[in-house]
Amino acid sequence: MDIPYTVAPRQDTGLYNAKVGIWLFLASEVMLFGALFSSYILLRVGAEPGMWPHGLLNIPIGTFNTAVLITSSVTVVLSWAALKTHNFGRFRAIQSITLLCALGFLGIKTYEYNEKFTHYEVWFADGRPSVTGHIDGAGRFWTLNTLADKKIESITMHPDRFHYRIPSGEQAKLAKSGTVPEHPEPIKIATSEIKRLSAFVPAHSTYFAVYFTLTFLHALHVFGGALVIGYLWGPGASMWKTDPDRFTNRIEVSGLFWHFVDLVWIFLFPVLYLL
Amino acid sequence: MADSHDISKTVRKYIIVFVALLVGTAITVGMYYVHLPSVAMTVMVAVFIASVKAFLVAGYFMHLIDERKMIYGILGSTAFFFVGLMFLTIWAMHDFPAHTFLGSHVP
Amino acid sequence: MEKLLGLPVLASKHGQDVDSFIIYIHWLMILLFVGWLAFFCWTLFRFRRSNHPKADYVGAKGATSTYLEVVVAIIEAVLLIGFAIPLWAKRVDEFPSEKEATVVRVVAQQFGWNFIYPGPDGEFGRQEFNLLTPSNPLGQDKNDPKSKDDVTTLNDMHVPVDKPVIVHLTSKDVIHSFKVIAMRTTQDAIPGIRIPTWFTPTREGRYQINCAQLCGNGHYNMSLGFMTVESAEKFDTWVKEKSKTGAASFE
Amino acid sequence: MQTTTKDHHDVHEHAHHEQSFFQKYVFSTDHKIIGIQYGVTALAFLFMGFCLMLMMRWQIAYPGKPLPLVGTLLEKVLGTVAAGGVMSPDLYNSFGAMHGTIMVFLAIVPLAFAAFGNYVVPLMIGAPDMAFPRINMVSYQCYAVGGVIMFVSFFIPGGAAQAGWTSYSPLATAIPTQGQTFWLVGMIFLITSSLLGAVNFIATIIQLRAPGMTWMRLPFFVWAQFVTGFLLLLAFPPLEAAGIMQLMDKVAGTSFFLPTGLAVGGELANVSGGGSPLLWQHLFWFLGHPEVYVLILPGMGIVAEVLANNTRKPLWGYKSLVYSVLAIGFISFIVWAHHMYLTGMGTKISTFFQTTTMIISIPSVIILTCLFITLWGGSIRFNTPMLFALAFLPMFGIGGLTGLPLGFNFSDLHLHDTYYVIAHFHYVVAPGTIFALFAGIYFWYPKMTGRMMNEFWGKVHFWLSLIFMNLVFQPMFAQGMAGMLRRMVDGGANYSQVMAPDAIGNLTTGIMGMNRHISWAAVCLGLAQIPFIINLFWSMRNGKKVESDNPWEATTLDWQTPTPPPHGNFAAQPSAHRGPYEYSAPGAAKDFSPQNQTA
Ligand code: HEA
Ligand code: HEA
Ligand code: CUA
Ligand SMILES: [Cu+2]
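Taken in sequence, the protein lines are chains A, B, C and D.
Going by the numbering used here, the first sequence opens with residue 482, and the numbers climb by one from there.
Going by the numbering used here, the second sequence opens with residue 75, and the numbers climb by one from there.
Going by the numbering used here, the third sequence opens with residue 5, and the numbers climb by one from there.
Going by the numbering used here, the fourth sequence opens with residue 13, and the numbers climb by one from there.
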């Protein structure tokens, strides 16, 4: 006996096997990202008032990346539609855009990550307000230990215009009023004054912990999805000749996964970048 | 479904959804720059728009609009458990014995 | 029944409720278990193959089992609504007023118990864990005048008898759990959050404080903490004595 | 490549290739082989979990004394943590955590859900295989990798995880060794395995039911597996999320579960803070509670099958059973915080969780009641599988009933984290689930091998197991009631009257003495498994050959196949014409009417 309903839908459920499978898998994914989301909400609500970092991510780039992902989502569904009209060439063409978008998304994400790794915050031993900005000559991931290891006695910091303590509305007002210079004077900080030094890495704060964990997990999903779509676009496409219906189903199923990944981003973007 | 006329119609639908998604993104980002009066409102609008976008993706790209009962059942129970997880956890973290102090700054 | 269950010595007021409640539930359990077991054995005996070679397709008739299930549900509901919920509410909502109680702050750490008493002024000094250093293990704000007479001890807790004790419980490092068996009290000590619990000791003597939550390789050994329940006079002298030495060490 | 085709009853069978040993037994996609792979691996882990526990029990009974027989070996292999052959607290904590982890995630779940599920479910529903055979194989491989990681972690510097199977933060991250990292990575593999398995089972049951196999004609075991699949599918991901976060805390220095102002070892920890230790507990128990039903539901399913078969009558209240198991599935997602009653709970939230906990005990009562009443009017055969299945009932009864005092916040106050809890859940998982699994092994063994296991030694195994199980776990109730705490390296000696004679309420010498009795009973319990192990291997070659494909004269489809079932399972697509338990139907010629029998 062969396994039934691999291609044609079963009468009473109206579904073929892989479709049931992928939706079940997506249900578990909902719980995975849902748990992380819940954790985010909880940690955020429980944070000390005013201390939750915001406005530290690059919004134009994030917006662009959102558009890239949305585009890939529509191309996936269009490529499936192309197969439905038995137009294999069109499928290949459209799906290659999807793949480019996936690569683009990952590339941009890498760039964004890298930007964060050299952006620093300094907390002072005497308890005065911390400062964020860039440090002259600093590489990635420096901490107080790095300074000690390198025997650096003081650092020069180019502070950001506003610290994230200041609410974004306030920042806008201050910016308009012109009292705060666009590029504040660099400040020199002795290593002995520093209580803690951290780049915008996961260890920086629960905010960045959440940001990196969620976006990295999402990026892994993008990567996985791209692998599957790439396989079906390249070597896996030979199935179109032997079993076109099954191949179309595969495209549909991989597309469902891809849309889900897109859907997660639709929530991640405003929550992490804008709120 | 395989009917090519139908398909060209759905393709048009996909394009419309695509544009709607881009517009939604633009609104969300725009909202960030105009600064709504209160944080709560910002959150609400942002989550609302995200939900609409999610509905569009799930409904049209993922064909949930005309999917089978079985799938609705699976997703419905998932939604139930997800809400349970989130709601109950948050509730539990806000209901402690009287005179409990949260945070490391204690008077 | 207490004997049968082997409940340990009791030395607190609300503990009586705990014990009775445990006993009620065990009555229910024993009743159910013995009833079912008797039925079970009888059925096995009666319907063994040699005695009953041809099975009956329909089996048991009637709705007895439904009634039984309903009865179980009702008893559980009574235990829940009549006892468990109000009793717990009393534990966590109706604290005795701090004026009429002995208030102690307890800070657990690997592997011991720190106690802070407000001292003669009856008020605690400010505490903040970010101030914690090896020489200030409890993060007390030494500039706060109220901390001057605060009494701190390690593993040595004293409380007067027949007066409510309120314990504000937290931890410096990992999760511990403050348990005094004879007081029928248990409460986790969780870092980053301070939770109160209370009991009224009714019997003088020395009680060992158990750490009831796995807290590392010294968990079993976190047993040096003792609680001494003594007369009010003795307790007052103890606090005064301690407060003097405590204040001295602040200079 | 040579192909062979077999012809059975003129039906063209699926052509399959001659396979190498590796293809056939290691990289197999056949659900039966995968089921057996799971079964063998899980039994090995069951044995390992048992060995860990025996060493712990020695330490509890004779604190500080070198382990007999294995002490020197341990010292050689593990180094200073077992210096002088004595178990150090670190080692005890490792063994405790790993006993829990191995038993739950590597032994019982793979055996009950994956092994029996894989072997039996497709047969029962009349399917040729699982819906996604290749995913099935990957699922097993993930399980194996997870198991290897867990196993290897014993031998890294510092040893395996030490924070209990519950891995509460901040302890889990505060312990400086890397055991916890291994645990977390291992768990991620095990979770992946379970998720893939769950997707596969659910899809199989939804899609591959034979014609006529309507939902209400499914054997109860299949229902139990179906619900279990959903529990795994939806409860595991939050633990995966939590595991990822704890892993970040451990390796990337984040503070998901670390609050501000944390000071380990007297110095402020160098972390950002801002996290919440309770969040871990919520996410863990969100899985943790459904997980305990994952441990029990397949067992209940097996017991139901065996009972119906050996009473020779239908299950009583099939519909109630099905609805109850569905209800358990649903409600089990909203009771988790009853494991956290003493973390500090306000009235409202405590009321909610106490209420749901009491509600969920009702369907369990209904299930047990139905199974009991099934016996009434039967013609009961007392063979080995039946004995184990029968013993399951009161044993689960004890375990379940003792869940009630734990389920109320006010009584849990006294019982939390004592041996009462240990006794409660071991009664459900050890003489409960393990007995059900033994029943299953004795029951389906002839289907898998074509030979019966020895009845006499089976009965010896049963009686000895029953007696010693109770001797092990019954005294623990008394110990717990007296206030003896779990996870104590010295078995509570520090809180005994010996250590502090003047302290009121400390453990008496009587209570302490039980430690030794329990430990020796556990040794005997282990010895009682020898007849089983020998029987298992011996019967493979020497057992009595079955005379037909259906030696128990059962009705479900798993018995209507050739023995052992070939690749593809059925010679022709079977279809179901009746309910699953048509035993002793009035007017039928025999006392059983198989589901696929037409008239
Ligand atoms: C298979 C596993 C399993 C099962 C089925 C259950 C079932 C139940 N459990 Fe248990 N439980 C565990 C495994 C399980 N548990 C584990 C592993 C832990 C500890 C985890 C840890 O901390 O490490 C635990 C801990 C635990 C706690 C936390 C205790 C503490 O830490 O302080 C609580 C509290 O509510 C609880 C309650 C219950 C309840 C109310 C049920 C109910 O579902 C039970 C319902 C059943 C019945 C009510 C029985 C009905 C039977 C009859 C009426 C007939 C009886 C008569 C005869 C048979 C003759 N359990
Ligand atoms: C499914 C789960 C499961 C099972 C089956 C068991 C089985 C047993 N457990 Fe365990 N246990 C746990 C889950 C389980 N346990 C958990 C979760 C904890 C808490 C851990 C923590 O604190 O974090 C715990 C803790 C725990 C403790 C408390 C430790 C402490 O708190 O310090 C003790 C103490 O006695 C104990 C004892 C036993 C005993 C005697 C058995 C016996 O019943 C064992 C019976 C098994 C056998 C007799 C093996 C038979 C072997 C075979 C049949 C092999 C055949 C092999 C081949 C053919 C290859 N367990
Ligand atoms: Cu402290 Cu256990
Ligand atoms: Cu539970």
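Quick reminder that beta carbons are idealized off the backbone N, C-alpha and C, glycines included.
All of these numbers come straight from a predicted model, not from anything done at the bench.
Open item on the list: Extract the residue ranges of the alpha helix (DSSP H) inside the stretch 315–364 of chain D, only unbroken runs of 4 or more that lie entirely within it.
Closed with: 330–343
Open item on the list: To the nearest angstrom, how far is the alpha carbon of residue 9 of chain D from that of residue 679 of chain A?
Closed with: Within the shown structure, residues of chain D are numbered from 13 to 611, placing residue 9 of chain D beyond reach of any answer.
Task: Meets three-Cβ-pair contact criterion under 8 Å: the stretch 359–371 of chain D and the stretch 408–422 of chain D - done: yes
Task: Member of A/631, A/609, A/608, A/728 whose CA lies at the smallest distance from the CA of residue 619 of chain A - done: A/631
TODO: Keeping to the same chain, check which residues put their C-beta closer than 6 Å to that of residue 211 of chain C; ignore five residues upstream and five downstream.
DONE: 184, 186, 231
TODO: Return the CA-CA distance between residue 548 of chain D and residue 465 of chain D, expressed in angstroms with no decimal places.
DONE: 7 Å
Open item on the list: Considering just the uninterrupted stretch of the beta strand (DSSP E) at residue 158 of chain C, what are its terminal residues?
Closed with: 155–158
Task: Anticipated Cβ contact below 8 Å, residue 212 of chain D with residue 144 of chain D, distance rounded - done: 5 Å
TODO: Indicate whether at least one CB of chain A lies closer than 8 Å to the CB of residue 114 of chain B.
DONE: no
Open item on the list: Quick check: what's the CA-CA separation for residue 313 of chain D versus residue 236 of chain D?
Closed with: 6 Å
Task: Distance CB(residue 519 of chain D)-CB(residue 493 of chain D) smaller than 8 Å - done: no
- [ ] Out of A/699, A/711, A/723, A/737, point me to the one whose CA is closest to residue 547 of chain A's CA.
- [x] A/699
Task: Selection from C/62, C/208, C/168, C/79 that minimises the alpha carbon distance to residue 98 of chain C - done: C/168
Open item on the list: Tell me which residues share the same chain as residue 110 of chain B and place their Cβ nearer than 6 Å to its Cβ, disregarding the 5 neighbours each side in the sequence.
Closed with: 116
Open item on the list: What does the alpha-carbon distance come out to for the pair residue 598 of chain A and residue 641 of chain A?
Closed with: 15 Å
Task: Inter-residue spacing [alpha-carbon to alpha-carbon] between residue 106 of chain D and residue 164 of chain D - done: 13 Å
Task: Segments of 3+ residues assigned as beta strand (DSSP E) that fall wholly inside the stretch 358–434 of chain D - done: none
Task: Limits of the alpha helix (DSSP H) - the one that residue 588 of chain A falls within - done: 569–598
Open item on the list: Considering only heavy atoms of ligand 3, does any lie closer than 7 Å to the CB of residue 212 of chain C?
Closed with: no
Open item on the list: Let's test the definition: count the other Cβ atoms within 10 Å of the Cβ of residue 84 of chain D and tell me whether it reaches 16, buried, or not, exposed.
Closed with: exposed
Task: Of the listed residues D/241, D/581, D/161, D/473, nearest to residue 395 of chain D (C-alpha basis) - done: D/473
Open item on the list: Please report whether the beta-carbon of residue 340 of chain D lies at a distance below 8 Å from any beta-carbon of chain C.
Closed with: no
- [ ] Using the DSSP secondary-structure output, state which residues sit across from residue 70 of chain D in a beta bridge.
- [x] According to DSSP, residue 70 of chain D bridges with nothing at all.
Open item on the list: By the 9 Å beta-carbon criterion, what residues does the stretch 186–210 of chain C contribute toward chain D?
Closed with: 186, 187, 188, 189, 190, 191, 192, 194, 195, 196, 197, 199, 200, 201, 207, 209, 210
Task: Chain-order list of residues whose beta-carbon lies under 6 Å from that of residue 616 of chain D (same chain, five-residue window excluded) - done: Because chain D is modelled from 13 through 611, residue 616 of chain D falls outside the range shown and cannot be assessed.
Open item on the list: Let me make sure I understand the geometry here. Which of D/552, D/566, D/517 has the alpha-carbon closest to that of residue 209 of chain C?
Closed with: D/517
Open item on the list: Tell me the DSSP secondary structure of residue 62 of chain C in three-state form.
Closed with: coil
Open item on the list: Closer than 7 Å between beta carbons: that is the criterion. Which residues of the stretch 130–152 of chain B meet it against chain D?
Closed with: 144, 152
Task: residue 162 of chain C - DSSP class collapsed to helix/strand/coil - done: strand
TODO: May I ask which residues mark the beginning and end of the alpha helix (DSSP H) holding residue 185 of chain D?
DONE: 183–186
- [ ] Decide if residue 37 of chain D is buried, meaning its Cβ has at least 16 other Cβ atoms within 10 Å, or exposed.
- [x] exposed
TODO: State yes or no: is the C-beta of residue 183 of chain B within less than 8 Å of the C-beta of residue 199 of chain C?
DONE: Outside the modelled stretch of chain B, which goes from 75 to 181, sits residue 183 of chain B, for which no answer is possible.
Task: Rounded C-alpha distance that separates residue 134 of chain C from residue 154 of chain C - done: 19 Å
TODO: Below 6 Å CB to CB, which residues in the same chain sit around residue 148 of chain C once its five sequence neighbours on both sides are set aside?
DONE: 129, 130
TODO: Alpha carbon to alpha carbon, how far is residue 732 of chain A from residue 740 of chain A? Give it in angstroms, no decimals.
DONE: 12 Å
Open item on the list: Would residue 183 of chain D and residue 250 of chain D qualify as a contact pair, given that the criterion is a beta-carbon distance under 8 Å?
Closed with: no
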